[in-house]
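Asker: Handing you this structure, nothing more for now.
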Amino acid sequence: MPSDSTSPNLLLPSSHFLGCPLSESKGCTMAEDHNAKDTLKPLVFRLHESVPKVVREVLMERGWSEFDEQEQDKSDWNLYWRNTPFHVTDHHNIKPWQRLNHYPETVKITRKDYLARNLKRMKGIYGSALYKFSPVAFIMPNDYVKFIAEYSKERQSQGRKSSYWICKPVNLSRGRGILIFQDIKDLIYDCVVIVQKYISNPLLISGYKWDLRLYVCVTSFCPLTIYTYEEGLVRFATEKFDLSSLDNVYAHLTNTSINKFGPSYKKDKVGIGRGCKWTFSKCRSYLCSRGVDDLLLWQRINNIVTLTLLAITPSVPLTHNCFELFGFDILIDDKFKPWLLEVNCSPALRLDCSIDATVKKGLLHDVIELLNYKQIDTLRQNKMARTKSSCASKQQQTECTTASPVQSLLEVAGRSFSKEAIVTRKAARAHPRKTLTSQLRERMNMPKPCFPSRAASNSKPILGTLHHVPVPGQDTQWLPTELCKNKLSIPPYFLTDQDKRPFPRIGDFVLIFPFNDAALQASRNGIDVKGIIQEIHKLMNEQLSRGIQKVKEKKDYLTIQKCL
Ligand code: ADP
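Just so we're aligned, residue 866 is where the sequence shown starts under the working numbering, counting upward by one.
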């Protein structure tokens, strides 16, 4: 999606907040750079067997090499990617040069019943005005009585059309086991399900229902740091929307896994074409060509993402060097209201069509950029610990905001990388992502080597002491994020080296939280959910009044035009 003035980059902080790392990099000389090449090692990835092959492809394109369990030391890798959660010990044993692609406990929003429960709790605390973006839901069989009460109330209220409902097994995905009904006699289930209000007035394109698969990357829950991806997938149903045929999955469900087997999948459908996908960019130009200003819509979607993640942020255990790529499914109704349908962990990365290849490969490249690897990470060893081991016993931990020698080293090492990542974002787009020289590119993106003696000259703690050592017996216990204000033993990878703020944009990822200084402060030392909600309230009011103002200006303009 282009990053023009109408980009969905709506929770972007003001420019002074963004004060991004664009200042000159104090790099090394060409000669030093040349010497460095001799010592460069590739970054190393480790994949669980169920991970889609595009992840391997992208990493190989970038010049990474694959971890070999037989040949390599057990911590000789930089990225471990799984489709299932990591074991507690994987988190406890994490090293500063490593990243894991999951945070623990995110299931609290990625399983349908947990999501419904958590959003209901947030609604109870912070008011339904903020949390009215998710359709009313009942978890069955537990909420059966409540559901019957709601169902009967609606039926009895005169003149009100009875609602449609959708019943979804909580443990299944890809549209499996879903049932849509209007009459309770059609409700049948044999496992735990959620029964949710069916949005029966979706915004249609040429008569077809569609929803958005929005990619969201959380690089940290403490401090909360959220990016949304500007490009994404618009997923169409492949038969025309029709409330008189509720059992036609090709008309009511937008899952690719279902529609690619539909009779119309390969047909050239009027208005949407072949297959069942568009990119966000195509959808935005379609809306734009019909005079729709989608700015407010994207702002609202970003708010939904933040409000949803806030529901679990305080309870995500304190862990280092993780990130989580979520797939948010958003449906837009014919009043342009966005609804959150569900949140996916490990969103599908299979390449079913060329649109998938474009979007998902670009996404993965940008995810790797977000992980902010530096040259020192290629060493994959506690270099500093060896050289300064005498200091190790003196300083056990360091605060996450305190500059340490390792941080200093990373800072120096990272400057040119940071600058590169931000400044050359668009330039990078212009180059093909998969080239045989990608390893070289990866290296060129890296900073010049920094020598411990120089970088660490004025600091106290050392890398060995920064690494978290699991306490015996603590292997199965998590520290809640609220304890973030205590100590962090590995310097955060997701902050700029210069001002310790998150990068405002990396590739097509745009920072949506923190969106201003107040939000940053409220999430820095532990999480002040109430404070953040107040900030979001203010932001939403501003967004709304700007939206109303725009509509007014448009009306005035049209009136003037008519008078002329
Ligand atoms: P799954 O995990 O099985 O994909 P989802 O909750 O994503 O389950 O639902 C599958 C599809 O069903 C969605 O992509 C959407 O097209 C449709 N759907 C789900 N919930 C609703 C709803 N409340 N209103 C309208 N359509 C819905």
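Backbone N, C-alpha and C fix where the C-beta goes; we use that ideal spot for every residue, glycine too.
#1: Any chance you could list the beta strand (DSSP E) runs of at least 3 consecutive residues sitting entirely within the region 1045-1093, in chain order?
#2: Taking buried to mean at least 16 other C-beta atoms within 10 Å of its own C-beta, is Gly-1192 buried or exposed?
#3: Restricting to runs no shorter than 4 residues, where is the alpha helix (DSSP H) found entirely within the region 946-1008?
#4: Give me the Cα-Cα distance between Ser-1410 and Lys-1011, rounded to the nearest whole angstrom.
#5: With a cut-off of 8 Å on the beta carbons, I'd call Ala-1387 and Ile-1397 a contact; round off their distance for me.
#6: In terms of alpha-carbon separation, which member of Ile-1413, Leu-1229, Pro-1369, Gln-1246 lies closest to Asn-966?
#7: Taking the continuous beta strand (DSSP E) assigned at Thr-1144, which residues delimit it?
#8: Would you call the region 1107-1119 in contact with the region 1080-1092, where contact means no fewer than 3 C-beta pairs closer than 8 Å?
#9: Which runs of the beta strand (DSSP E), 3 residues or longer, sit entirely within the region 1125-1168?
#10: Quick check on the DSSP output: the beta strand (DSSP E) that includes Lys-1033 runs from which residue to which?
#11: At the level of alpha carbons, what is the spacing between Trp-1204 and Phe-1046?
#12: Quick one: is the Cβ of Glu-1015 within less than 8 Å of any heavy atom of ligand 1?
#13: In the structure shown, what three-state DSSP assignment does Ile-1398 receive?
#14: Hey, how far is the Cα of Glu-1019 from the Cα of Phe-1201?
#15: Out of curiosity, what's the CA-to-CA distance linking Ile-1031 and Asn-1066?
#16: Rounded to whole angstroms, what's the CA-CA distance from Leu-1077 to Phe-1188? Just pull it up for me.
#17: Would you mind stating whether Val-1099 and Thr-1171 have Cβ atoms separated by less than 9 Å?
#18: Looking only at its chain, what residues have a beta carbon closer than 7 Å to the beta carbon of Lys-1062, apart from the 5 residues adjacent to it on each side?
#19: Is Leu-1068 near ligand 3, with its Cβ less than 8 Å from a heavy atom?
#20: State yes or no: is the C-beta of Leu-1044 nearer than 8 Å to some heavy atom of ligand 1?
#21: Is the CB-CB distance between Gly-1042 and Ser-1122 below 9 Å?
#22: Given a cut-off of 9 Å, decide if Phe-1374 and Asp-1242 are closer than it, judged by their beta-carbon atoms.
#23: Assuming Pro-1367 and Leu-1360 form a contact by the criterion Cβ under 8 Å, report the distance between their Cβ atoms to the nearest whole angstrom.
#24: Would DSSP call Arg-1441 helix, strand or coil?
#25: Is it right to say Glu-914 is buried, meaning 16 or more other beta carbons lie within 10 angstroms of its own, or is it exposed?
#26: Take every Cβ of the region 935-952, pair it with every Cβ of the region 967-987, and state whether three or more of those distances are shorter than 8 Å.
#27: Tell me, to the nearest whole angstrom, how far the beta carbon of Trp-962 is from that of Asn-943; I am working on the premise that it is less than 8 Å.
#28: Please look up how many angstroms separate the CB atoms of Ser-1085 and Pro-907, rounded, as I've assumed it's under 8 Å.
#29: How close, in whole Å, do the beta carbons of Leu-981 and Ile-1013 come, if the pair is a contact with beta carbons under 8 Å?
#30: What do you get for Cys-1153, buried or exposed, if any count of 16 or more other CB atoms within 10 angstroms of its CB means buried?
#31: Tell me the DSSP secondary structure of Pro-1179 in three-state form.
#32: When we look at the beta-carbon of Thr-1178 and count the other beta-carbons within 10 Å, is it buried (16 or more) or exposed?
#33: Can you give me the Cβ contacts of Trp-929 inside the same chain, cut-off strictly under 7 Å, excluding the 5 residues immediately before and after it?
#34: Would a C-beta distance cut-off of 9 Å place Val-920 and Trp-946 closer than the cut-off?
#35: In whole angstroms, give me the CA-to-CA distance for Val-1081 and Leu-1190.
#36: Between Glu-1015, Leu-1183, Lys-1403, Lys-1226, which lies nearest to Ile-959 when the distance is taken from Cα to Cα?
Answerer: So, from the listed chains and residues:
#1: 1058-1062, 1075-1086
#2: Numbered from its first residue, the sequence shown carries residue 1192 at position 327. With 16 or more Cβ atoms within 10 Å of its Cβ, Gly-1192 is classed as buried.
#3: 953-957, 972-975, 977-991
#4: What you label residue 1410 is simply residue 545 of the sequence shown in a count that begins at 1. What you label residue 1011 is simply residue 146 of the sequence shown in a count that begins at 1. Whole-angstrom Cα-Cα distance: 37 Å.
#5: Counted from its first residue, the sequence shown places residue 1387 at position 522. Counted from its first residue, the sequence shown places residue 1397 at position 532. With 8 Å as the limit, Ala-1387 and Ile-1397 qualify as a contact, their Cβ atoms being about 5 Å apart.
#6: Along the sequence shown, read from residue 1 onward, the residue named residue 966 stands at position 101. With distances taken between Cα atoms, Asn-966 lies closest to Leu-1229.
#7: Taking the first residue of the sequence shown as position 1, residue 1144 is located at position 279. That run of the beta strand (DSSP E) goes 1142-1144.
#8: no
#9: 1142-1144
#10: Sequence index remark: in the sequence shown, residue 1033 carries index 168 (1-based). Unbroken beta strand (DSSP E) run through Lys-1033: 1030-1034.
#11: Taking the first residue of the sequence shown as position 1, residue 1204 is located at position 339. Taking the first residue of the sequence shown as position 1, residue 1046 is located at position 181. Going by the C-alpha atoms only, they are around 19 Å apart.
#12: Mapped onto the sequence shown, residue 1015 falls at position 150. No, Cβ of Glu-1015 sits at least 8 Å from all heavy atoms of ligand 1.
#13: Position 533 of the sequence shown, counted from the start, is the residue given in the question as residue 1398. Reduced to three states, the DSSP call for Ile-1398 is helix.
#14: The residue given as residue 1019 occupies position 154 in the sequence shown. The residue given as residue 1201 occupies position 336 in the sequence shown. Each residue's alpha carbon lies about 24 Å from the other.
#15: Along the sequence shown, read from residue 1 onward, the residue named residue 1031 stands at position 166. Along the sequence shown, read from residue 1 onward, the residue named residue 1066 stands at position 201. In a straight line, the C-alpha of Ile-1031 is about 14 Å away from that of Asn-1066.
#16: Taking the first residue of the sequence shown as 1, we reach residue 1077 at position 212. Taking the first residue of the sequence shown as 1, we reach residue 1188 at position 323. About 22 Å.
#17: Here residue 1099 is taken as the residue at index 234 of the sequence shown, counted from 1. Here residue 1171 is taken as the residue at index 306 of the sequence shown, counted from 1. No, these two residues do not count as a Cβ contact at 9 Å.
#18: Position 197 of the sequence shown holds residue 1062. Excluding positions up to five away in sequence, the list reads Pro-1000, Val-1001, Ser-1028, Trp-1030.
#19: Absence of ligand 3 from the depicted structure is noted, with ligand 1 being the only ligands included.
#20: Translated into the one-based positions of the sequence shown, residue 1044 becomes position 179. Incorrect: Leu-1044 has no Cβ contact closer than 8 Å to ligand 1.
#21: Along the sequence shown, one-based indexing puts residue 1042 at 177. Along the sequence shown, one-based indexing puts residue 1122 at 257. No, the Cβ-Cβ distance between Gly-1042 and Ser-1122 is not below 9 Å.
#22: As a working mapping, residue 1242 is identified with position 377 in the sequence shown. As a working mapping, residue 1374 is identified with position 509 in the sequence shown. Contact flag unset, no.
#23: Position 502 of the sequence shown, counted from the first residue, corresponds to residue 1367. Position 495 of the sequence shown, counted from the first residue, corresponds to residue 1360. So it is a contact: roughly 6 Å between Cβ atoms.
#24: Because residue 1441 is not part of the residues shown, which for the chain are 866 to 1429, the question remains open.
#25: As a first step, residue 914 is located in the sequence shown; it is residue number 49 there, counting from the start. Per the 10 Å Cβ criterion, exposed.
#26: yes
#27: On the sequence shown, position 97 is the one that residue 962 refers to. On the sequence shown, position 78 is the one that residue 943 refers to. The Cβ separation is near 6 Å, so the contact holds.
#28: Here residue 1085 corresponds to residue number 220 of the sequence shown, with the count starting at 1. Here residue 907 corresponds to residue number 42 of the sequence shown, with the count starting at 1. No, Ser-1085 and Pro-907 are not in contact; Cβ-Cβ is about 26 Å, not under 8 Å.
#29: In the sequence shown, counting from the first residue as 1, residue 981 sits at position 116. In the sequence shown, counting from the first residue as 1, residue 1013 sits at position 148. A quick correction: the sequence has Ala, not Leu, at residue 981. About 17 Å separates the two Cβ atoms, so there is no contact after all.
#30: Within the sequence shown, residue 1153 is the residue found at index 288, counting from 1. So Cys-1153 counts as exposed.
#31: Against the sequence shown, residue 1179 aligns to sequence position 314. It is helical.
#32: Residue mapping note: residue 1178 aligns to position 313 of the sequence shown, counting from 1. Buried, by the Cβ-count rule.
#33: Start at 1 with the first residue of the sequence shown, and residue 929 comes out as number 64. The answer, listed in chain order, is Pro-907, Leu-908, Val-909, Phe-910.
#34: As a working mapping, residue 920 is identified with position 55 in the sequence shown. As a working mapping, residue 946 is identified with position 81 in the sequence shown. A contact, by the Cβ cut-off of 9 Å.
#35: Here residue 1081 refers to the residue found at position 216 of the sequence shown. Here residue 1190 refers to the residue found at position 325 of the sequence shown. Looking at the two C-alpha atoms, the distance is approximately 6 Å.
#36: By one-based count along the sequence shown, residue 959 stands at place 94. Residue Leu-1183 is the option with its Cα nearest to Ile-959.
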